[in-house]
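Residue numbers (the working numbering), protein chains in the order written: chain W, 4 to 483; chain V, 142 to 402.
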């Protein structure tokens, strides 16, 4: 069992989601080739168009090179040493939650995501993904009454093949980048959301991604479609056990907003970050992109990135529709030996499009934290505007912060505004708070929350409180 | 005068205190004792060590005590953390209150007040109860409620910052308050508000040390003792008349004391 791999001496480690669920899993052999891809597709009983999609992506991936432009350093990943499909063994067809393995329900209970009818969260529908498969999705009937489809992407492939065929890969094509190509070839599960015309989704939707096994990668795929004049708020959470090996996570998220539609996508990423010496942790290579296809459509990304040994992630917006709006609010916290290279791309294509970027990077310990962003004004983006603000906070004297803003404008009649700052928590600020009876660590976490306020204000209420606590926890012992 | 018998025990005793920062001696043997109900004024040129003395009493980490002791209510506090000193009842009003971006003034005041209340075994206050308490205290410094929703000291005028300090003092109800040039940068009206605030908060059980350059604060709050500092030492102590004399003759006059000794 994988238990032997668990990192020892984790007493001091504040990561509280590091447990492993001891459950029988069905895994395929390690390695990646056409047969493996055919096997995954077969296991999921997929239509032919999807298998073709996967095989094409695989061919492209084989010709591509792993990107090395990010300010990240890590040991080369051996893609043949990864298991590409791992699922907890359960009955073939599950008709209700009562038939889900209690160990799985218990796992999500422990993570604060109860799924059973009696205990499930009110006002948030949850899709729970465990390794390669979706375990359960709550509130399905209630949502269906409004015409909202919320299910695992595997199910959507079976029941809504037309929508999948129409939209999958239209925002992030398989050839987009190395990790997107890999995901397109081997993706196992993820969430699917469809909001019909004119519907405001009656509750927040949320996916919770849990990696359990140490030797299999997680390659989830999420697709959200918001039809004309609809709106939805979607939340995403992630955790993983503590292993002393690195686990690859390469997800793709595609959002599509039609005329007057709005999608708000919030992430709290808390994958296992490795220990103080930088051993173990998730390699998080994620491609997230939204397409504002319709007029006056809006896509808003907010993210709190605290986990992973490596984060490579640039949630972006393609602003095609006239007067469409893209937003990116980000807090990225790195500690110990974590590395993050994260930011966004705002591609203004349509006229009078608007984008806002607010990024707050906090680096503690010996970590490296980079903001990398692109703002591009196309030839037709007349009257478009962007505002970017990138602030970095350094804690201690061994951490580093970088800002790489790229600006490309082909449209003279557009405005791009960029502000950047770097600060350090000053001894005087700490002394001031301490001299008012506030303990050192609380003083630090107060200042860090204050620094992130602009972003936290964008998060859904429960998430904001959670994010605040998470940052405080992550910074424990990092100062002084 | 400190040999004189007092009925109660002293709040603060600074005994032959020497301190340095970056190996540079700043204080060179300062002694000062404050009894309940007393108001002490410390005057002296810029750089004489007045502010340093106040920071060391509050526990600023940049200074090393090289000799002597600080006792608070009879206990040696040389090695206590700044937050422990605050919780136990020492208050420092800053000459330049620090801005903390993004941290709401209300939340800051509440956390701070609760830290002190916890020490006193009083019930900690939730946001609603605290709002009630703070409303009452805002009156003392004639501050508008809108101050509470702003970030700590950020964008406050000089006078607003100083009133925010006195508001903190009112909430924390310290045993001893050291007010470092609380009067500087205040116009006459603001000075009156601050002075009357200090008077309202203090009582027969509390001690106050006013660090100031100007007689006008001492007109409002009459000190029992006035100390003149120069080059890290208290070179002369007298009653409130000493401040008047100083106002008239300037610090040059005090240079003679040093020559005499």
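Just so you know, even glycine gets a beta-carbon here, dropped at the ideal spot from N, CA and C.
Cα-Cα separation, residue i to residue j
| i | j | result |
| --- | --- | --- |
| residue 148(W) | residue 233(W) | 15 Å |
| residue 241(W) | residue 24(W) | 15 Å |
| residue 203(W) | residue 169(W) | 23 Å |
| residue 338(W) | residue 461(W) | 24 Å |
| residue 22(W) | residue 104(W) | 17 Å |
| residue 198(W) | residue 174(W) | 17 Å |
| residue 345(V) | residue 362(V) | 14 Å |
| residue 369(V) | residue 377(V) | 5 Å |
| residue 210(W) | residue 237(W) | 8 Å |
| residue 247(W) | residue 264(V) | 45 Å |
| residue 180(V) | residue 278(V) | 22 Å |
| residue 107(W) | residue 137(W) | 11 Å |
| residue 260(V) | residue 438(W) | 14 Å |
| residue 283(W) | residue 255(W) | 23 Å |
| residue 380(W) | residue 46(W) | 44 Å |
| residue 10(W) | residue 277(W) | Model confidence at residue 10(W) stands at a pLDDT of 26, short of 50, so the residue's coordinates are unreliable; what they give is reported in the following sentence. Approximately 9 Å, taken between the alpha carbons. |
| residue 425(W) | residue 367(W) | 13 Å |
| residue 398(W) | residue 428(W) | 7 Å |
| residue 365(W) | residue 453(W) | 12 Å |
| residue 441(W) | residue 419(W) | 41 Å |
| residue 15(W) | residue 262(W) | Note that residue 15(W) scores a pLDDT of 31, beneath 50, so its modelled location is shaky; the value from the coordinates is reported in the next line. Going by the C-alpha atoms only, they are around 51 Å apart. |
| residue 177(W) | residue 291(W) | 13 Å |
| residue 213(V) | residue 173(V) | 12 Å |
| residue 365(V) | residue 456(W) | 47 Å |
| residue 285(V) | residue 273(W) | 41 Å |
| residue 19(W) | residue 371(V) | 56 Å |
| residue 486(W) | residue 448(W) | This structure cannot settle anything about residue 486(W), because the visible part of chain W is limited to 4 through 483. |
Interface partners of residue i on chain W, CB under 9 Å
| i | result |
| --- | --- |
| residue 304(V) | The contacting residues do not exist; residue 304(V) stays about 16 Å from chain W at best. |
| residue 308(V) | Residues of chain W passing the Cβ test: none, with the nearest at roughly 11 Å. |
| residue 222(V) | 437, 442 and 443 |
| residue 252(V) | 436, 439, 440, 441, 445 and 449 |
| residue 292(V) | 453 and 456 |
Start and end residues, beta strand (DSSP E) containing residue i
| i | result |
| --- | --- |
| residue 369(W) | That residue, residue 369(W), is in no beta strand (DSSP E); it is neither H nor E in DSSP. |
| residue 306(W) | 301-308 |
| residue 235(W) | 234-242 |
| residue 318(V) | 317-321 |
| residue 22(W) | It is not in any beta strand (DSSP E) - residue 22(W) carries neither H nor E in the DSSP assignment. |
| residue 157(V) | 153-162 |
| residue 343(V) | No beta strand (DSSP E) contains residue 343(V), which DSSP labels as neither H nor E. |
| residue 276(V) | Element bounds for residue 276(V): not the beta strand (DSSP E) but the alpha helix (DSSP H), 268-282. |
| residue 174(V) | 165-175 |
Where the alpha helix (DSSP H) through residue i begins and ends
| i | result |
| --- | --- |
| residue 299(V) | 299-313 |
| residue 106(W) | 105-113 |
| residue 407(W) | No alpha helix (DSSP H) contains residue 407(W), which is instead part of the beta strand (DSSP E) from 403-412. |
| residue 258(V) | 246-260 |
| residue 143(W) | 143-148 |
Chain-ordered chain W contacts of residue i [CB-CB under 7 Å]
| i | result |
| --- | --- |
| residue 199(V) | 438 |
| residue 228(V) | 440 |
| residue 287(V) | Near residue 287(V) there are no residues of chain W at all, since even the closest Cβ is about 18 Å away, more than 7 Å. |
| residue 168(V) | Result: empty, since nearest Cβ-Cβ is about 18 Å, beyond 7 Å. |
| residue 256(V) | 440 and 441 |
Beta-carbon neighbours of residue i, restricted to chain V and to distances below 7 Å
| i | result |
| --- | --- |
| residue 432(W) | 239 and 241 |
| residue 449(W) | 244 |
| residue 427(W) | Within 7 Å Cβ-Cβ: nothing; residue 427(W) doesn't reach chain V, min ~13 Å. |
Contacts that residue i makes with chain W (C-beta to C-beta distance below 8 Å)
| i | result |
| --- | --- |
| residue 315(V) | Going along chain W, no residue has its Cβ under 8 Å from residue 315(V), so there is no contact; the nearest lies around 10 Å. |
| residue 233(V) | 438 |
| residue 202(V) | 430 and 434 |
Cross-chain neighbours of residue i in chain V, by beta carbon under 8 Å
| i | result |
| --- | --- |
| residue 454(W) | 242 and 243 |
| residue 87(W) | In chain order: nothing, as chain V lies at least about 44 Å away. |
Contact set between residue i and chain V, taken where Cβ atoms lie within less than 9 Å
| i | result |
| --- | --- |
| residue 332(W) | Result: empty, since nearest Cβ-Cβ is about 14 Å, beyond 9 Å. |
Task: Inter-stretch contact at 8 Å, needing at least 3 Cβ pairs: the stretch 353-373 of chain V / the stretch 264-274 of chain V - done: They do not touch, by the three-pair rule.
TODO: Report yes or no: do three or more beta-carbon pairs, one from the stretch 307-316 of chain V and one from the stretch 235-253 of chain V, lie closer than 8 Å?
DONE: yes
Task: Ranges of the beta strand (DSSP E) found wholly within the stretch 34-99 of chain W, counting only runs of at least 3 - done: 89-91
Task: Cβ pair count under 8 Å reaching 3, the stretch 205-221 of chain V against the stretch 403-412 of chain W - done: no
Open item on the list: Any contact between the stretch 288-302 of chain W and the stretch 323-337 of chain W? By contact I mean 3 or more CB pairs, one from each, below 8 Å.
Closed with: Contact holds: three or more Cβ-Cβ distances are below 8 Å.
TODO: May I ask you to verify whether the stretch 382-393 of chain W touches the stretch 408-418 of chain W, counting CB pairs closer than 8 Å and requiring at least 3?
DONE: yes
Task: Ordered list of beta strand (DSSP E) runs contained in the stretch 388-463 of chain W, each at least 3 residues - done: 388-397, 403-412 and 418-427
Task: Three CB pairs or more closer than 8 Å across the stretch 323-336 of chain V and the stretch 194-201 of chain V - done: Pairwise C-beta distances place the stretch 323-336 of chain V out of contact with the stretch 194-201 of chain V, as fewer than three of them are shorter than 8 Å.
Task: Every unbroken alpha helix (DSSP H) within the stretch 171-196 of chain W, with a cutoff of 4 residues, ordered by chain - done: Within the stretch 171-196 of chain W, the complete alpha helix (DSSP H) segments of 4 residues or longer fall at 181-189, listed in chain order.
Task: 3 or more residues per run - each beta strand (DSSP E) lying fully within the stretch 323-382 of chain W - done: 328-337, 342-351, 357-366 and 371-380
Open item on the list: Three Cβ pairs or more, each shorter than 8 Å: is that satisfied between the stretch 156-172 of chain V and the stretch 471-478 of chain W?
Closed with: no
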